[in-house]
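**Q** So the sequences go chain by chain: A and B. Residue 41 in the working numbering is what sits at position 41 of the first sequence, and the numbering runs on without skipping anything. Residue 284 in the working numbering is what sits at position 88 of the second sequence, and the numbering runs on without skipping anything. Got a structure for you, written out below as structure tokens; questions coming shortly.
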Amino acid sequence: MEKQEYTITIYTENSIGMIGRISGIFSRRKINIESLNTSPSEVEGIHRFTILITESEEVARKLCRQIEKQVEVLKAYYNTNDELIWQEQALYKVPADVIAEKAYVERLLRQYGANVVVIRNDYIVFETAGHREEIDRLTEELGKYSLIEFVRGARIAIIKDSAGFHSKLKQFEKEEPSPEVIENEFLDQQDKVFTM
Amino acid sequence: MSTLEKTETKETQSTLANTQISGSQAVLEALIHEGVDTVFGYPGGAIMPIYDALYDYNDKLKHILVRHEQGGIHAAQGYARTSGRVGVAFATSGPGATNLVTGLADAMIDSNPIVCITGQVFAALLGTDAFQETDVINITTPVTKWNYQVTDATEIPEVLAKAFYIAQTGRPGPVLIDITKNAQIQLFDYKSYEKCNHVRSYRPAPIVRREYVEEAAKVINEAKKPFVLFGQGIILGKAEQEFKDFIEKGGLPAAATVMGLSALETDHPLHVGMLGMHGNYAPNVMTNSCDVLIAVGMRFDDRVTGRLDKYAKQAKVIHLDIDPAEIDKNVKTTVPVWGDCKETLPMLTELINKADHSAWLQQFRELEKEEIKEVIYDELNPTSDIMTMGEVVRVLNELTGGDAVIVTDVGQHQMIACRYAKFNKSKSNVTSGGLGTMGFGLPAAIGAWYGAPHRDIIAIIGDGGFQMTLQELGTIMQFGAKVKILILNNSFLGMVRQWQQLFNDKRYSFVNITSPDFVALAKSYYIEGNKISDRKDLEQALKTMLDHDGSYLLEVVVGKENNVFPMVAQGTAVSEIRLK
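Right, here's the structure in full:
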């Protein structure tokens, strides 16, 4: 099966050691995590992991099943890029004199929608957010003009079809939840299951 | 609930409720409330407060001092396997805890309900490379179902309740609770112990979907050549009767995985043997001939499937499992039936037609005859001067009638025991299936005895594996577990030697292993023993071993270069199983 980018979104309890538990599931299978972000989620007290990998659909699905086996994980989803709104953020530290002297650089930064964060007389820090390719292109261009420092954040993503986790969590809190919570996408695609 | 009732419940629950107790006492109270009667452990600096508290619990909790923490956890596993309850092990920090790792990995892959309590250095010393400090939580994360570090005593009742709940519900597994020394010492206001029955982020079992059970029944009803594979899930789900009802109504031939052995009595007319690399001929061959394969509580290990792309490709696969991650993990499922088989099997039984597949079953029996002729008869009734492992197991069967618990180590003797031992009732086969842990046998047998003290516990162990954990003879000596140790000595690390013979041109690389005088060794631990190498002594020697009131070691010298057959060589299809 063909490999492509999958974004795995995981809702977990906010407990110590979750990054280790989850990253171990990837490293055990020698799967490279391209980016990993942890943050609060739309639900108070629930953490949200966003992990980017390049793998086949089958691998992504099996990973999610293994991740959900962790006691402190509530749910894991995997999505292709077209199912997501996603962004990455980047910070650039550029020598001030380059900006002052080279009009092209200034134009470049405008073109990529970069915003000034800090201005000092020796350097200027810009930030931009967007898709990986845009950031990569800007980085490459700025690299020609003695970029002092560069850092890019992990991918964060919103699932287009998701109604959020509020109602799901309520279900989880019950002792007898409804099937929708325990579902997996596999059981919901009956026509794909019965291959006979 | 009236106030009066409330008071009564609390009083019966604990006399310590609403008093100040230490974290250590809270640990032991938790064990009592969880119904634990036996703990296997080894003290050390960081767990001393718990051992100090244990001093006052001598009448309520039996503590078995093992000789090595690995022995402790294997004993807890043996206990869990024969009793069906949670096995508990104590160890100190650092080396004590790291010595548990093999047992944790073993318990994880074989789904044993285990709770390990480890001591840890004072919370203030965490991360300072303190004496006997190890990052136990991180070391054990991949080999535990759940683990947690307690640094405050007030957490203890709740955390232990959660530990026991997680260890034994759903697909069972090992849980490790690491408790810093300050938390063990700390006094706190103890309310009462509440058992845990819900963790919001944890689903023990998926919800059963009736439509899938119906679909599965439909597929089974249309089948001409159905074949059932069963694993330990039947035993863990306590669904032996439900399983028997299911196969009997459907007239379904059924084969066991190594871990599933004894879930169905060996003599059952629908039992067609064992699956896997050294399993029986018929079930392996028929896997690739059946039209519907029904897997119940098993996980399609590579030792069961052989070459996966040639595994049961012709069949529709129905997979019943409590663990959603097992569905489609290795073998693509046609109809998944999620859930506890205790629940799903009766649903399925109700929906399937009463059927008779005797012509199909007869095909298994024909292949079985072939296996008997080519392999089994000679293994069990050899004409060679030197004894075979198989005949020892045969005579043992004749003497026990199949009522004993057979504990094995890992290697050739394990496969022979699994192939030929007769099992009349469930929880009678204790072996390291998934991890293949040499050294498992002796300590597991000790635990198995504490889990089922009224049963005969026979530990069949090779000369290699026995030397890995023979220190546990000391545990037997001190605490009197009545374990019958049957060493099948072929002076080789037999399974590796077999592979070297078959696949490495007989280049025997470091498989020749010498042994001490096992009988003298046992004697030095005040354990009776005997060694035989003559066939004429076999029956009497086994009888003496079984009749002996107490532990006993019998060493039987068997053929050095005997092989276990049939065999599905690595990388070949199950139907390509070789008889020689």
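Quick reminder that beta carbons are idealized off the backbone N, C-alpha and C, glycines included. Bear in mind the structure is a predicted one, so any value in this text is a computation, not a measurement.
#1: Tell me which residue opens and which closes the beta strand (DSSP E) that tyrosine 386(B) is part of.
#2: Check whether the Cβ atoms of threonine 340(B) and leucine 300(B) lie closer than 7 angstroms to each other.
#3: Taking just the CA atoms, how far does methionine 18(A) sit from glutamate 134(A)?
#4: Report buried or exposed for methionine 583(B), applying the criterion of at least 16 other Cβ atoms within 10 angstroms of its Cβ.
#5: Residues of chain B with a CB under 7 angstroms from the CB of arginine 152(A): which are they?
#6: Counting only C-beta atoms, is arginine 703(B) closer than 7 angstroms to chain A at any point?
#7: For valine 606(B) versus glutamate 735(B), is the C-beta spacing smaller than 7 angstroms?
#8: Can you tell which of Ala103(A), Tyr145(A), Tyr104(A), Phe150(A) has the C-alpha that lies nearest to the C-alpha of phenylalanine 126(A)?
#9: Please tell me whether leucine 563(B) and cysteine 537(B) are closer than 7 angstroms, where the distance is taken between their beta carbons.
#10: State the beta-bridge partners of lysine 727(B) as determined by DSSP.
#11: Would proline 796(B) pass as a contact of alanine 285(B) if the rule is Cβ separation under 7 angstroms?
#12: With 16 as the cutoff for other CB atoms within 10 Å, does isoleucine 182(A) come out buried or exposed?
#13: Tell me the residue span of the alpha helix (DSSP H) that contains isoleucine 67(A).
#14: Determine the contact status of leucine 169(B) and phenylalanine 442(B), defining contact as a CB-CB distance below 7 angstroms.
#15: Along the chain, where does the alpha helix (DSSP H) that runs through cysteine 537(B) open and close?
#16: Count the other CB atoms within 10 Å of the CB of valine 415(B); is the residue buried (16 or more) or exposed (fewer)?
#17: Would you mind sorting glutamate 185(A) into buried or exposed? The rule is 16 or more other CB atoms within 10 Å of its CB.
#18: Could you pull out every unbroken beta strand (DSSP E) segment of at least 3 residues lying fully inside the segment 587-619 of chain B, listed in chain order?
#19: Are alanine 242(B) and valine 317(B) closer than 7 angstroms when you measure CB to CB?
#20: Quick one: does glutamate 57(A) have its CB under 7 angstroms from some CB of chain B?
#21: Would you report the Cα separation of glutamate 204(B) and methionine 543(B), rounded to the nearest angstrom?
#22: For leucine 425(B), list the residues DSSP reports as bridge partners.
#23: Quick one: list the residues of chain B neighbouring leucine 36(A), beta-carbon separation under 7 angstroms, in chain order.
#24: Helix, strand or coil: which one does DSSP assign to phenylalanine 186(A)?
#25: For threonine 215(B) and glutamate 390(B), what's the separation of their Cα atoms in angstroms?
#26: Please confirm if isoleucine 518(B) has its CB atom under 7 angstroms from at least one CB of chain A.
#27: Please classify methionine 691(B) as buried or exposed, where buried requires at least 16 neighbouring CB atoms within 10 angstroms.
#28: Assuming the contact rule is C-beta atoms closer than 8 angstroms, valine 752(B) and isoleucine 723(B) should be a hit. Round their C-beta distance to whole Å, please.
#29: Could you name the residues of the same chain whose beta carbon sits closer than 6 angstroms to that of lysine 680(B), not counting the 5 residues immediately before and after it, in chain order?
#30: For a contact meaning CB atoms closer than 7 angstroms, what does glutamine 4(A) contact in chain B?
#31: May I ask you to list, following chain order, the residues of the segment 336-359 of chain B that have a beta carbon less than 9 angstroms from some beta carbon of chain A?
#32: Please identify, using Cβ separations under 7 angstroms, the residues of the segment 22-56 of chain A that lie next to chain B, in order along the chain.
#33: Which same chain residues, not among the five before or five after asparagine 686(B), have their C-beta less than 6 angstroms away from its C-beta?
#34: Does DSSP put histidine 270(B) in a helix, in a strand, or in coil?
#35: Within 7 angstroms (strictly less), CB to CB, does tyrosine 722(B) reach chain A?
#36: Hey, does alanine 521(B) have any beta-carbon neighbour from chain A nearer than 7 angstroms?
**A** A quick look at the data gives this:
#1: 383-386
#2: yes
#3: 31 angstroms
#4: buried
#5: The premise fails here: arginine 152(A) is roughly 28 angstroms from chain B at the closest Cβ pair, so nothing lies under 7 angstroms.
#6: no
#7: no
#8: Phe150(A)
#9: no
#10: Glu751(B)
#11: The displayed coordinates of chain B run from 197 to 776. Any statement about residue 796(B) would go beyond what the structure contains.
#12: Model confidence at isoleucine 182(A) stands at a pLDDT of 48, short of 50, so the residue's coordinates are unreliable and nothing is read from them.
#13: 57-69
#14: The first residue shown for chain B is 197 and the last is 776, placing residue 169(B) beyond what the model contains.
#15: 537-547
#16: buried
#17: Confidence in glutamate 185(A) is poor, its pLDDT being 43 and thus under 50, which makes the residue's placement too unreliable to answer from.
#18: 601-604
#19: yes
#20: no
#21: Only weak support exists for where glutamate 204(B) lies, its pLDDT of 41 falling under 50; the value from the coordinates is given anyway. Between glutamate 204(B) and methionine 543(B), the C-alpha separation is close to 40 angstroms.
#22: Ala451(B), Ala491(B)
#23: Within 7 angstroms Cβ-Cβ: nothing; leucine 36(A) doesn't reach chain B, min ~17 angstroms.
#24: With a pLDDT of 42 at phenylalanine 186(A), under the threshold of 50, the predicted position of this residue should be treated as unreliable, though the coordinate-derived value follows. Of the three classes helix, strand and coil, the one that applies to phenylalanine 186(A) here is coil, per DSSP.
#25: 16 angstroms
#26: no
#27: buried
#28: Not a contact, Cβ separation roughly 16 angstroms.
#29: Ile654, Met741, Tyr748
#30: Per Cβ cutoff of 7 angstroms: no residues; glutamine 4(A) is ~20 angstroms from chain B at best.
#31: Thr337, Pro338, Lys341, Trp342, Asn343, Tyr344, Gln345, Lys358
#32: Gly24, Arg28
#33: Val754, Lys756
#34: helix
#35: no
#36: yes
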